[in-house]
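Asks:
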Amino acid sequence: MKLFKSLFSSSGCDEAKAQATTPTPSIHGPVPKVEPPPANAEPAATSEPAPAPEAEPKPAPGPTYIGESVTCPEGGRLQAKIEGRYVTVLRLDGKLACIDAICFHAGGPLGIGDIEEVNGRKCILCPWHYYKIDVETGDKYYQTMEFKEGKMQAGEWKSNGVRQRTHKAWEEDGKIYVQLSTYERRPSHADYVESDGYAFDEKCGDRCLNAPPSANKLKVHSAGADGRKPSGQVLRGQYHT
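For the sequence shown, position 179 matches number 179 in UniProt numbering, and the numbering has no gaps at all.
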């Protein structure tokens with residue numbers, strides 16, 4: 001009975017508890033005591049990889065020689081491919097203009113289209129869908145309709161905004177040069193023009209680049225508030241490929 005009480009006495013339990021909370025020494029030495037960091041201690045510095053240096057922007061190529069001035073007389077045009085981009089150079093009223101050769105709308109051969117005057121502005125006419133594009137600004141024009149005297153009548157011409165990209169073209173020492181307005185295949189949203197979508201398409205561009213000489217001759221028509229229609233020469237098969 002005394003043996004039974006001694007086994008379950010409080011002193012025996014206290015000693016067992018004390019032994020249970022005593023850390024067992026390691027075979028490699030005593031267990032180190034870990035002290036908490038001071039309250040005012042600064043966090044340890046962490047080493048992070050240095051940021052990669054930013055790539056320098058690719059410099060834009062310089063002007064591109066297109067041809068001799070004599071190869072583009074008044075009313076003539078030159079087809080070219082610059083850095084993969086298809087462009088058309090025209091001489092109208094003694095001035096050079098350069099515009100993307102492929103129509104923004106459906107990839108048509110805009111560069112071989114007729115020239116029409118819309119309220120005094122020189123426009124190139126897409127042979128596929130008759131879109132009128134200003135050769136200097138790239139604006140697309142459309143004619144409004146007005147209801148007068150009980151019927152619909154042709155109204156004034158207005159712009160839908162810039163749809164076709166234009167470029168700088170000039171002459172120097174009897175040679176024609178072009179400086180592209182962008183060399184990016186995918187310009188940023190702010191710089192994007194709709195014709196950028198087709199500008200590098202080889203199938204579409206070759207329709208202009210390989211067009212017969214007759215397609216690059218001046219064909220001027222008028223288009224004003226009188227509602228005159230385009231000639232439709234291309235759709236009749238003269239330049240169809």
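We treat Cβ as the ideally placed atom computed from N, Cα and C, and that holds for glycine.
Can we say the region 168-180 touches the region 123-141, given the rule of at least three CB pairs closer than 8 angstroms?
Replies: No, because fewer than three Cβ pairs between the region 168-180 and the region 123-141 fall closer than 8 angstroms, the two stretches do not touch.
Asks: For V87 and Y192, I'd like the C-alpha separation in whole angstroms.
Replies: One C-alpha to the other measures close to 17 angstroms.
Asks: What's the call for E85, buried or exposed, on a 16-neighbour Cβ count within 10 Å?
Replies: In the sequence as displayed, the identity of residue 85 is Arg instead of Glu. R85 is buried by the Cβ-count criterion.
Asks: Helix or strand or just coil, what does DSSP make of T137?
Replies: T137: coil per DSSP, three-state reduction.
Asks: Exposed or buried, S195, counting other C-beta atoms within 10 Å across all chains shown (16 or more means buried)?
Replies: Buried, since its Cβ has 16 or more Cβ neighbours within 10 Å.
Asks: Counting C-beta neighbours from all protein chains within 10 Å, is the total for V178 16 or more, i.e. buried, or is it exposed?
Replies: That one is buried.
Asks: Have a look at the DSSP bridge pairing and note the partners of H167.
Replies: Bridge partners of H167: C98.
Asks: Assuming C208 and A101 are in contact, meaning their beta carbons sit under 8 angstroms apart, how far apart are those beta carbons, in whole angstroms?
Replies: That pair is a contact at about 4 angstroms.
Asks: Give me whichever residues DSSP pairs with R91 in a beta bridge.
Replies: Paired residue(s): L96.
Asks: Can you grab the Cα-Cα spacing for the pair L92 / E74, in whole Å?
Replies: Rounded to the nearest angstrom, the two C-alpha atoms are 6 angstroms apart.
Asks: What is the DSSP secondary structure of R77, counted as helix, strand or coil?
Replies: Strand, per DSSP.
Asks: Could you give the distance in angstroms between the alpha-carbon of G94 and the alpha-carbon of K140?
Replies: Approximately 23 angstroms, taken between the alpha carbons.
Asks: Between which two residues does the alpha helix (DSSP H) harbouring C123 extend?
Replies: No alpha helix (DSSP H) contains C123, which is instead part of the beta strand (DSSP E) from 121-125.
Asks: Cα separation between residue 294 and I112?
Replies: This structure does not reach residue 294, given that the chain is present from 1 up to 241, and the question cannot be answered.
Asks: Tell me, which residues are paired with I112 by DSSP?
Replies: Beta-bridge pairing links I112 to no other residue.
Asks: Have a look at P213, R185, Q164 and flag the residue whose alpha-carbon is nearest the alpha-carbon of L110.
Replies: Of the listed residues, the one whose Cα sits closest to L110 is Q164.
Asks: With DSSP collapsed to three states, give me the class of A211.
Replies: Of the three classes helix, strand and coil, the one that applies to A211 here is coil, per DSSP.
Asks: In the DSSP assignment, the beta strand (DSSP E) including W128 goes from what residue to what residue?
Replies: Segment: none, W128 is in no beta strand (DSSP E) and carries neither H nor E.
Asks: How should L129 be labelled, buried or exposed, when 16 other C-beta atoms within 10 angstroms of its C-beta is the threshold for buried?
Replies: The residue asked about is misnamed: residue 129 is His in this sequence, not Leu. That one is exposed.
Asks: For G67, collect the residues of the same chain with a Cβ closer than 6 angstroms to its Cβ; drop the 5 residues on either side in sequence, then sort them by chain order.
Replies: These residues qualify, in order along the chain: L78, I176.
Asks: What do you get for A190, buried or exposed, if any count of 16 or more other CB atoms within 10 angstroms of its CB means buried?
Replies: A190 is exposed by the Cβ-count criterion.
Asks: Within the same chain, show all residues whose beta-carbon is closer than 7 angstroms to that of R236, passing over the 5 residues directly before and after it, in chain order.
Replies: Bear in mind that a pLDDT of 37 at R236, under 50, signals an unreliable position, so the number given afterwards is only what the model happens to contain. Result list for R236: empty, nothing under 7 angstroms.
Asks: Please report the residue range of the beta strand (DSSP E) in which S188 lies.
Replies: Run containing S188: none; DSSP gives neither H nor E here.
Asks: In whole angstroms, what is the alpha-carbon distance linking T71 and K168?
Replies: Looking at the two C-alpha atoms, the distance is approximately 18 angstroms.
Asks: By alpha-carbon positions, which one of K132, S214, Q143 ends up nearest to I99?
Replies: Comparing Cα positions, the closest option is K132.
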